[in-house]
Amino acid sequence: MANLSMSYFFSSSSSSSARSRVQDNVEDTDNSLKERLVHHHLEESIRPYIDLIDTLRSVGIQKDLALPTIVVIGDQSSGKSSVLEALSGIALPRGSGIVTRCPLELRLRNVTGGVSWKAVLPRLSYEEKIIEFGDPSLVEKHVEEAQNELAGKGVKICDDLITLEVRSADVCDLTLIDLPGIARVPVQGQPQDIGNQIKRLIMKFIEKQETINMVVVPCNTDIATTEALRMAQEVDPEGIRTLAILTKPDLIDRGTEKNILAVVQNKVIPLRKGYVMVKCRGQQQIDEKIPLVEATQIERDFFQNHDFFRPLLDENKATVKCLAIKLTQDLVSHIKKSLPKLDEQIKKQLWDVRNELKECEAGPPQDLKGAKQFLIKILTKFNDKIKSLSFGELIIKDNLFVQLRTEYKKWNDGLNDTKTSLKSAELSQNYRGRELLGFSNYRVFEMILQDRVAKLKEPAIKSLNSIKDIILKQFTDVSHQCFRNYPVLLNTTMNKIDNIQSSQQAKTEQRIMDQFEMESMIYTQDPIYLKFLNEISSDKFSEAQLPIVVQRMADQLPMLISFYMLKETAQLLCTDMLSILEGANVSELLFEDSDVSKRRKYLQSRLGRLTAAQEALSDFI
1 MANLSMSYFF SSSSSSSARS RVQDNVEDTD NSLKERLVHH HLEESIRPYI
51 DLIDTLRSVG IQKDLALPTI VVIGDQSSGK SSVLEALSGI ALPRGSGIVT
101 RCPLELRLRN VTGGVSWKAV LPRLSYEEKI IEFGDPSLVE KHVEEAQNEL
151 AGKGVKICDD LITLEVRSAD VCDLTLIDLP GIARVPVQGQ PQDIGNQIKR
201 LIMKFIEKQE TINMVVVPCN TDIATTEALR MAQEVDPEGI RTLAILTKPD
251 LIDRGTEKNI LAVVQNKVIP LRKGYVMVKC RGQQQIDEKI PLVEATQIER
301 DFFQNHDFFR PLLDENKATV KCLAIKLTQD LVSHIKKSLP KLDEQIKKQL
351 WDVRNELKEC EAGPPQDLKG AKQFLIKILT KFNDKIKSLS FGELIIKDNL
401 FVQLRTEYKK WNDGLNDTKT SLKSAELSQN YRGRELLGFS NYRVFEMILQ
451 DRVAKLKEPA IKSLNSIKDI ILKQFTDVSH QCFRNYPVLL NTTMNKIDNI
501 QSSQQAKTEQ RIMDQFEMES MIYTQDPIYL KFLNEISSDK FSEAQLPIVV
551 QRMADQLPML ISFYMLKETA QLLCTDMLSI LEGANVSELL FEDSDVSKRR
601 KYLQSRLGRL TAAQEALSDF I
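The numbers in the UniProt record's numbering rise by one with no breaks, and the one at position 542 of the sequence shown is 542.
Structure, rendered in structure tokens:
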């Protein structure tokens with residue numbers, strides 16, 4: 001492909017063939033000097049800003065906030081590809097139907113010193129893949145392959161961005177994003193809603209206030225009815241960030257020139273950024289392989305010799321050269337205005353991300369030694385929580401000891417309900433043997449009391465089960481707090497808790513049964529019995545023993561349960577947890593598979609992007 005000289009974009013038009021050779025040499029020297037000065041100015045004042053945005057996009061900051069950019073939109077066959085081809089000097093995919101099926105970011109980098117395509121390789125990147133090649137004619141092939149890989153072969157579209165970076169002496173410094181052409185009627189193989197899919201994709205880009213919308217419209221259509229401009233007006237009703245490019249001026253009907261001229265001069269649909277008319281290579285010129293540099297001269301001659309459009313040259317509203325300069329200036333101006341807001345957004349998001357990361361516990365180190373130290377740390381933290389819980393020092397919403405006291409009160413209330421009066425008169429009538437009035441048989445008294453105590457076994461076991469469930473839930477909650485990110489470690493801990501609790505429950509139940517066996521002995525110290533006897537009528541000797549049993553059981557059962565089910569269980573669990581370290585598969589225990597770990601990785605990724613973006617911005621703010 002023939003080179004498209006940068007003088008096309010930034011120098012005056014070529015000298016007339018009528019000038020003398022001397023004049024040509026003098027003017028060529030002057031133009032060359034001017035061109036070098038312009039290039040130096042551009043490199044100093046423009047390129048750093050474009051490079052900044054490209055750097056920010058490279059680190060992925062567009063995932064967090066919108067970046068200043070120019071997007072190219074238009075109906076199918078509006079001439080988008082031809083405009084981009086004229087700007088970049090490379091052949092992009094073209095043809096009928098949907099040609100651009102993925103957003104294509106076109107990064108143009110001017111490399112001075114006469115560096116050609118063969119010397120500086122462009123890079124086509126998508127899905128973290130890098131393809132380098134030195135032949136411009138391969139661009140179309142590689143872009144099509146990238147689209148096929150992302151969107152599938154055929155006519156489907158995809159939101160994923162393809163980046164094509166061109167470094168050459170034959171391009172201007174500019175970055176554009178080309179979007180799929182707006183389709184109205186689906187072709188074979190396309191879903192019926194393909195038009196809506198494309199509009200959704202386009203809207204995703206153009207609705208952002210940071211985006212300059214470059215709308216490509218053919219001159220031979222009614223601009224007021226073009227879908228691309230209508231969409232741009234929908235998101236930018238005042239036309240503040242919309243630039244329209246009128247293509248195919250050679251195809252307009254005779255007699256409509258004044259109407260088209262009024263559009264370009266911003267008299268029909270006013271746009272703050274205005275209009276530029278261009279004449280790119282037509283299909284015949286492409287078939288005849290007319291070089292772009294020759295097409296450039298053909299374009300200028302067309303406007304120079306046009307009866308109606310000639311004034312547009314003086315107004316800088318015609319030719320691709322004018323478009324390139326305007327786009328570069330608009331983009332850099334837009335970037336400069338956006339930087340303070342961009343810096344503020346990055347700082348705010350950095351603050352938010354760091355605070356959110358504090359809520360996500362740091363993950364395990366990748367090295368084995370660091371991972372083992374991390375495991376020891378979280379196991380120690382778990383044991384500390386369990387000990388605090390068993391001592392009543394860990395105060396949480398569902399306080400453990402408040403719940404235990406509630407259960408123990410139920411037990412005590414049930415005991416008090418059993419203290420039914422044993423009337424001496426009833427005993428003397430129903431159970432009286434040879435005893436005198438006022439006396440009862442001790443064996444009968446013992447049998448009645450043993451029967452009443454035996455009936456307390458069922459509520460005692462019920463109380464044990466209730467308290468076991470409460471303690472198990474508390475231990476489970478602590479386990480999830482400490483190990484929620486590590487399913488293997490959490491499962492191991494829960495198994496230990498279940499095994500220890502089952503063993504302790506059996507032991508506690510046996511201790512309770514032993515206590516009831518002891519209570520069947522009907523015993524208390526004489527002073528205690530006399531104390532209760534003095535508090536009741538002297539003729540109710542048989543009623544004194546039961547309150548003693550109730551008092552003893554009211555305290556004894558809670559003490560048994562608290563000791564074996566809580567205190568001793570906590571001690572056994574803490575000891576058993578430390579045994580995990582013996583021959584443990586640390587990597588397996590610390591394997592993460594949870595929403596929290598995914599969120600932590602997401603936040604860490606954002607933190608990296610935002611930090612890199614802040615560093616890149618530091619030289620500009």
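The C-beta atom is built at its ideal place from N, Cα and C for all residues, glycine as well.
Reference residue i, options the options, closest by Cα
| i | options | result |
| --- | --- | --- |
| Lys598 | Arg241, Ile269, Asn485 | Asn485 |
| Leu65 | Phe483, Glu210, Met559, Asp54 | Glu210 |
| Gln284 | Tyr275, Glu144, Ala295, Met277 | Ala295 |
| Gln62 | Ser45, Glu105, Ile46 | Glu105 |
| Pro340 | Ser618, Cys574, Arg606, Ile497 | Ser618 |
| Leu174 | Pro93, Pro136, Lys321 | Lys321 |
| Leu161 | Gly60, Asp307, Thr221, Ile260 | Gly60 |
| Leu472 | Lys409, Ile70, Ile386 | Ile386 |
| Lys358 | Pro249, Val596, Ser58 | Val596 |
| Ala146 | Ser125, Phe563, Val155 | Ser125 |
| Asp170 | Thr221, Ala324, Glu315 | Ala324 |
| Glu615 | Asp75, Leu342, Leu243 | Leu342 |
| Gln366 | Thr256, Cys574, Ser587, Ser333 | Ser587 |
| Gln222 | Thr256, Thr575, Ser333, Val139 | A small correction: the amino acid at residue 222 is Asp; Gln does not occupy that position in the sequence shown. Nearest C-alpha to Asp222: Thr256. |
| Gln265 | Pro311, Thr247, Thr319 | Pro311 |
| Ile467 | Ser168, Gln504, Leu292, Ile561 | Ile561 |
| Met277 | Val268, Thr247, Arg606 | Thr247 |
| Gln76 | Asn196, Val216, Leu573 | Val216 |
| Arg83 | Asp135, Asp253, Cys280 | For the record, residue 83 in the displayed sequence is Val; it is not Arg. The residue with the shortest Cα to Cα distance from Val83 is Cys280. |
One or two residues paired with residue i in a DSSP bridge
| i | result |
| --- | --- |
| Ala244 | Val215, Tyr275 |
| Ile70 | Ile212 |
| Ser125 | Ile130, Thr163 |
| Leu201 | Looking at the DSSP assignment, Leu201 forms no beta bridge with any residue, so it has no partner. |
| Glu85 | Answer by DSSP bridge pairing: none, since Glu85 is not bridged. |
| residue 634 | For the chain, the structure presents residues 1 to 621; residue 634 sits outside this window and is missing. |
| Glu105 | Thr163, Ile177 |
| Asn110 | Ser168 |
| Asp75 | Ile182 |
Burial state of residue i, where buried means 16 or more other Cβ atoms lie within 10 Å
| i | result |
| --- | --- |
| Met231 | buried |
| Ala86 | buried |
| Val402 | exposed |
| Asp28 | Residue confidence is low: Asp28 scores 48 on pLDDT, short of 50, so the model does not pin down where it sits. No coordinate-derived value is stated. |
| Met577 | buried |
| Leu201 | buried |
| Met565 | buried |
| Met214 | buried |
| Val185 | exposed |
| Gly608 | exposed |
| Phe10 | Because the pLDDT of Phe10 is 40, which lies under 50, any placement of that residue in the model is unreliable, and the number read from its coordinates should be weighed accordingly. Result: buried. |
| Thr406 | exposed |
| Ile497 | buried |
| Leu375 | buried |
| Leu251 | exposed |
| Gly152 | exposed |
| Ala506 | exposed |
| Gly239 | buried |
| Arg109 | buried |
| Phe303 | buried |
| Asp539 | In this prediction, Asp539 has a pLDDT of 46, which is less than 50 and means its spatial position is unreliable; what the coordinates show is noted afterwards. Exposed is the call here. |
| Glu299 | buried |
| Lys409 | exposed |
| Ala262 | exposed |
| Leu368 | exposed |
| Arg272 | exposed |
| Ile260 | buried |
| Tyr275 | buried |
| Tyr49 | buried |
| Asp413 | exposed |
| Leu557 | buried |
Can you check the region 129-191 for any alpha helix (DSSP H) of at least 4 residues that lies completely inside it and give the ranges in chain order? 139-151
If we count Cβ pairs, one from each stretch, closer than 8 Å, do we get three or more for the region 98-109 versus the region 174-194? yes
Under 8 Å, with one C-beta from each stretch per pair, do the region 339-352 and the region 447-457 reach the 3-pair mark? no
Could I get the ranges of all uninterrupted alpha helix (DSSP H) runs contained in the UniProt domain "GED" (535-621), with 4 residues as the minimum, in chain order? 545-561, 568-578, 586-589, 595-617
Using 8 Å as the threshold, is the region 218-233 in touch with the region 48-56, meaning 3 or more CB pairs across them? no
Which runs of the alpha helix (DSSP H) at least 4 residues long sit entirely within the region 333-396? Give them in chain order. 368-391
Residue ranges of each alpha helix (DSSP H) run of no fewer than 4 residues wholly in the region 464-501, ordered along the chain? none
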